[in-house]
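Below is one structure; the comments refer to it alone.
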Amino acid sequence: WFEETRGTRIADARIVEAASTGADVVATACPFCSQMLGSASGTSAGFVSSDADQGGANNDAATASSGGKLPEVRDVAVMLLESVKRGQ
Numbered sequence: 018w019f020e021e022t023r024g025t026r027i028a029d030a031r032i033v034e035a036a037s038t039g040a041d042v043v044a045t046a047c048p049f050c051s052q053m054l055g056s057a058s059g060t061s062a063g064f065v066s067s068d069a070d071q072g073g074a075n076n077d078a079a080t081a082s083s084g085g086k087l088p089e090v091r092d093v094a095v096m097l098l099e100s101v102k103r104g105q
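Going by my numbering, the residue at position 19 of the sequence shown is 36; the numbering climbs one at a time, nothing skipped.
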């Protein structure tokens, strides 16, 4: 694993992109993607949670469209299992 030390973390950029769609959940079948997205905070990409003190104007589209919440990262197989157990 390699963590970026300068600039925007790839994980943060991807989770902010997902948040800008208005999605509540990001589903993946890839263990690497699950780990990467699950570790994202969005902060290095300029994402500011509505729960946090913004300290100024924030023009990030993801914050505006998602209400300042990052989507939950879920495994597709787990979602399928839950659905089968519910009988859907």
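All residues carry an ideal CB built from backbone N, CA and C; glycine is no exception.
Since we're looking at a predicted model, the values are computed, not measured.
{"Query": "Taking P88 as the reference, which of L97, R26, T38 and V101 has the closest Cα?", "Result": "T38"}
{"Query": "Buried or exposed for M96, going by 16 or more other Cβ atoms inside 10 Å?", "Result": "exposed"}
{"Query": "Work out the CA separation of A40 and R91 for me, nearest whole Å.", "Result": "12 angstroms"}
{"Query": "Need the endpoints of the beta strand (DSSP E) that A44 sits in, please.", "Result": "V42 to T45"}
{"Query": "Beta carbon of S51, beta carbon of A28: below 8 angstroms?", "Result": "no"}
{"Query": "Do A94 and A35 come within 8 angstroms of each other at the CB atom, strictly closer than that value?", "Result": "no"}
{"Query": "If we ignore side chains and look at the alpha-carbon of each, how far apart do V43 and F64 end up?", "Result": "17 angstroms"}
{"Query": "Under three-state DSSP, which class holds R31?", "Result": "helix"}
{"Query": "Rounded to whole angstroms, what is the Cα-Cα separation between G85 and G104?", "Result": "33 angstroms"}
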